[in-house]
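Asker: With the sequence shown counted from 1, adding 175 to any position gets you the working numbering. Please see the structure below; I have some questions.
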Amino acid sequence: MVLMLMILAIFNAPAEEKMSTVVRLATRTEQRYGESAYSFRYRANNRSKHKNYVDLVYESGMMRVNHHAGVKNQITDLGPDVEVTKSYVVPEDAEWADDMVAPAKGHYYAMKITAFDGKEMKVIFKVDDVTRERLTIRWNANSAPKWPALGPGVGDAGESGMIQLEERSNSPYKR
């Protein structure tokens, strides 16, 4: 009887979210993002895929979530002892940062991504490894909604650290 109850408890327990997408970022050392930026929306850290619509930039040992005009992202540290399931809900008392946080190895982070047009997306990722030069995170890209393409994208960040906007008629960012 006890064995049967244990088996039922195992099968009825919520399945832990499979975080199989591994992302490796290098700290930003120059004007261009290079390997320092990632787009959860487009599931890419390659500029030809994300076209500079990036959500997370690893810079000087910090995870930056708001780095260009119109984006209103937030991030919170959930700690290391989180069982992330498909039905996981971020605690109501979570403290959300609007700019950047220092990553901690083994910690889970929740991110609210709000694009310039008001579209929203929420993701949870885990920091697998972190040094001053590199950041490795893991998340479940299969559970995230597909984000529609937005055209040619925006320019790379310039010397001032602000995004230099491209002059394109179909770009959502216009001067």
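We put the beta carbon where it would ideally sit given N, CA and C, even for glycine.
According to the Cβ coordinates, are residue 240 and residue 275 closer than 9 Å?
Answerer: In contact: residue 240 and residue 275 (Cβ atoms closer than 9 Å).
Asker: Checking the sheet assignment: what are the DSSP bridge partners for residue 311?
Answerer: Answer by DSSP bridge pairing, in chain order: 199, 304.
Asker: Inspect the beta-carbon positions of residue 284 and residue 250 and report whether they are closer than 9 Å.
Answerer: Yes. Within cutoff.
Asker: Could you check where the alpha helix (DSSP H) with residue 222 kicks off and where it finishes?
Answerer: Note, residue 222: alpha helix (DSSP H), 222-225.
Asker: From the DSSP output, which residues share a beta bridge with residue 297?
Answerer: 287.
Asker: So who's on the other strand from residue 217, going by DSSP bridges?
Answerer: Residue 217 pairs with nothing; no bridge assigned.
Asker: According to DSSP, simplified to helix, strand and coil, what is residue 254?
Answerer: DSSP places residue 254 in strand when its eight states are reduced to three.
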